[in-house]
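Enquirer: Mind having a look at this structure? Questions to follow.
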Amino acid sequence: MSHYTHLSIEEREKSRVMLEQGMSICAIARILSRSPSTISREFKRNSYAAHHAQKKYMKRKSNCGRKSVLKHNEKIRNYVIQRLKLRWTPEQISGRAKLEKQAFSISYNTIYRAVHSGILPIEIKKIMRFMNKHKKRKSTNDNRGKIPNTVNISQRPSGCTNRSRFGHFESDTVLGMRKTGLLGTHVERKSGFLVAFKLE
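Those letters in the sequence shown? Residues -16 to 183, per our numbering, in order.
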């Protein structure tokens, strides 16, 4: 009569992980070089761990087969499509759904995946492509608030930086206490000569 030996802690952990991955008792036994009856007994002895492992496997399997909500829920699909046609971003759509306290919630990642995977109409993908191009062009050409034909401070002559040459001025504005007045200032860097004037 063969003598039954319990699995080691390491073997128990390995068997639990393999069970979570959906492997059969025979396959686990073969990998651990144990008899199927030994593996079966261990799972029966620790039925909670075995049940928990199997439950995790079934849940993961179910999640893998889950379909996109935008493919199977027409209400959510129409909500998203209508707003994408209005040039809303997925982030705006997701946030607006929360603010409006819709009966559903949808993440912007889900919307992006639906666009790129072809779940949504091809026209939506074209709209998104146009929005991305426009955004990039706007970010590279947006010069609002910039003074034209200026030279970066890092490119100023060494005589200005080390204050060895006269004639280099540095300008600034100074706001008074309680925001009651505004001054413009010009300071010659070598001599420290200051010119200040009130700004309206």
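Ideal placement from N, C-alpha and C gives every residue a C-beta, glycine not left out.
Buried or exposed: Glu(-4), going by 16 or more other Cβ atoms within 10 Å of its Cβ?
Expert: exposed
Enquirer: Please work out which residues of its chain come closer than 7 Å, Cβ to Cβ, to Ala97, disregarding the five sequence neighbours upstream and downstream, and give them in chain order.
Expert: Ser51, Leu53, Leu103
Enquirer: Can you find the residues in the same chain that come closer than 6 Å, C-beta to C-beta, to Val170, ignoring five residues on each side of it along the sequence?
Expert: Glu153, Leu177
Enquirer: What number of angstroms, rounded off, separates the C-alpha of Lys173 from the C-alpha of Ile76?
Expert: 57 Å
Enquirer: Let's see if you can read the secondary structure: which residues bound the beta strand (DSSP E) around Phe180?
Expert: Membership of Phe180 in the beta strand (DSSP E) is indicated by the continuous run 177 to 182.
Enquirer: Does the beta-carbon of Val157 have 16 or more other beta-carbons within 10 angstroms, so that it is buried, or is it exposed?
Expert: With fewer than 16 Cβ atoms within 10 Å of its Cβ, Val157 is classed as exposed.
Enquirer: Give the DSSP bridge partners of Phe152, in chain order.
Expert: Glu171
Enquirer: Grab the span of the alpha helix (DSSP H) containing His(-11) for me, first residue to last.
Expert: From DSSP, His(-11) is part of no alpha helix (DSSP H); its letter is neither H nor E.
Enquirer: I need the straight-line Cα distance from Pro140 to Asp155, nearest angstrom please.
Expert: The alpha-carbon atoms of Pro140 and Asp155 are separated by roughly 19 Å.
Enquirer: So, for Glu107: in the same chain, excluding its five sequence neighbours on each side, which residues have a beta-carbon less than 7 Å away from its beta-carbon?
Expert: Residue identity check: residue 107 is Ile in the sequence provided, not Glu. Excluding residues within five positions, the ones whose Cβ falls inside 7 Å are Ile64, Leu67, Val98.
Enquirer: Quick one: what's Leu200 bridged to in DSSP?
Expert: Residue numbering for the chain in the displayed model covers -16 to 183; residue 200 lies beyond these limits and cannot be assessed.
Enquirer: If Leu166 sits next to Ala179, beta carbons under 8 Å apart, how far is it from one beta carbon to the other, in whole angstroms?
Expert: 5 Å
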